[in-house]
Amino acid sequence: MDGIVTGQVLASRWDAVYGVGVFLRVLFGTLPAWAKWIISGLLGAAALWEGYRWWSRRREAVR
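In numbering that gives the first Met the number 0, the protein residues as written are 0 to 62.
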């Protein structure tokens, strides 16, 4: 084994996404259902708003 250390592994770019997913699953797992619905609704509304803003800016740039 020429310099290969098995205890050190390079992290892929998906490791951070997986870590955030696990964190959110644990965080939401302890909340009551009504809080999950409110937070999900707010995040969904924010995503839709940002998508609309991006689409309108893109449409204006084409004109």
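Glycine included, each C-beta is placed from N, C-alpha and C at the ideal position.
Notebook entry, point to check: Which residues in the same chain have their Cβ closer than 7 Å to the Cβ of residue 35, if we skip the five residues on either side of it in sequence?
Noted result: 27
Item checked: Per-residue DSSP class, three states only, for residue 30 -> coil
Checklist line | residue 57 to residue 43 span [Cα, whole Å] | finding: 21 Å
Margin query: Using a 10 Å radius around the Cβ and a threshold of 16 neighbouring Cβ atoms, would you call residue 0 buried or exposed?
Written below: Caution is warranted here: a pLDDT of 48 is assigned to residue 0, below 50, making its placement in the model unreliable, and no coordinate value can be reported.
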